[in-house]
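*Asks:* First the structure, then my questions, so here it is.
Residue numbers (my numbering): 2 to 217.
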């Protein structure tokens with residue numbers, strides 16, 4: 002059974018159809034890479050899957066819940082099962098790496114500070130940043146920021162990891178290292194990943210399945 006199933010999805014903005022009857026299945030425990038050029042609708046699809054917007058028609062089922070028609074409470078439960086690393090990393094410059102990764106745990110759990118500190122260290126260790134937790138985002142390289150964003154996305158132990166253009170702006174060596182991290186996460190934690198990219202070399206390295214989005 003697909004962990005995410007998109008059926009006949011139609012999205013319009015001011016009468017302009019961006020997604021026109023889109024269908025997509027994402028299988029559990031696999032890396033699905035979504036390819037498409039600029040303006041093809043990739044970001045629109047991500048907003049739909051994250052429940053940030055409602056479609057004109059169609060359905061999106063995530064672990065059996067149709068998020069296009071569910072209550073806000075049910076939608077928040079689904080969102081809690083998804084970790085997102087944004088293209089820009091979206092780290093808070095005023096917070097250290099430790100504080101950035103701890104933020105969702107402090108906001109959405111009742112865990113003690115000592116347990117949160119342990120989880121944060123573990124997540125930073127997984128992405129190779131265990132020794133950099135006291136640093137702030139502006140003190141990091143681009144690749145380290147991307148890894149920190151992945152660590153924060155993993156903080157709540159999500160079933161699904163969404164990575165938006167993870168290798169964008171990175172040199173080929175650093176991008177390849179990030180690809181290896183994504184593969185490590187899949188193989189070690191059996192996590193399901195949806196990776197949005199336009200980098201073919203990265204896609205061929207990490208993908209179990211590929212989906213191409215062209216003109217919606």
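Cβ coordinates follow ideal geometry from the N, Cα and C atoms, glycine included.
On a predicted model such as this, the values are computed, not experimentally measured, just so you know.
(1) Report the partner residues of residue 84 according to the DSSP bridge assignment.
(2) Give the range of the alpha helix (DSSP H) segment to which residue 120 is assigned.
(3) Rounded to a whole number of angstroms, what is the C-alpha to C-alpha distance between residue 115 and residue 152?
(4) For residue 88, collect the residues of the same chain with a Cβ closer than 6 angstroms to its Cβ; drop the 5 residues on either side in sequence, then sort them by chain order.
(5) Express the C-alpha separation of residue 163 and residue 83 in angstroms, rounding to a whole number.
(6) Answer with yes or no whether the minimum CB distance from residue 63 to chain C is below 8 angstroms.
(7) Thinking just about the alpha-carbon of each residue, which of 19, 49 and 38 is nearest to the one in residue 7?
(8) Just verifying my parser: in three-state terms, what is the DSSP assignment at residue 170?
(9) At which residue ranges does the segment 43 to 77 contain complete beta strand (DSSP E) runs of 3 or more residues, listed in the order of the chain?
*Replies:* Quick look at the numbers:
(1) 162
(2) From DSSP, the alpha helix (DSSP H) with residue 120 extends over 114 to 127.
(3) 18 angstroms
(4) 165, 166 and 169
(5) 7 angstroms
(6) Among the chains of the structure shown, chain C does not appear; only one protein chain is present.
(7) 49
(8) coil
(9) 58 to 63
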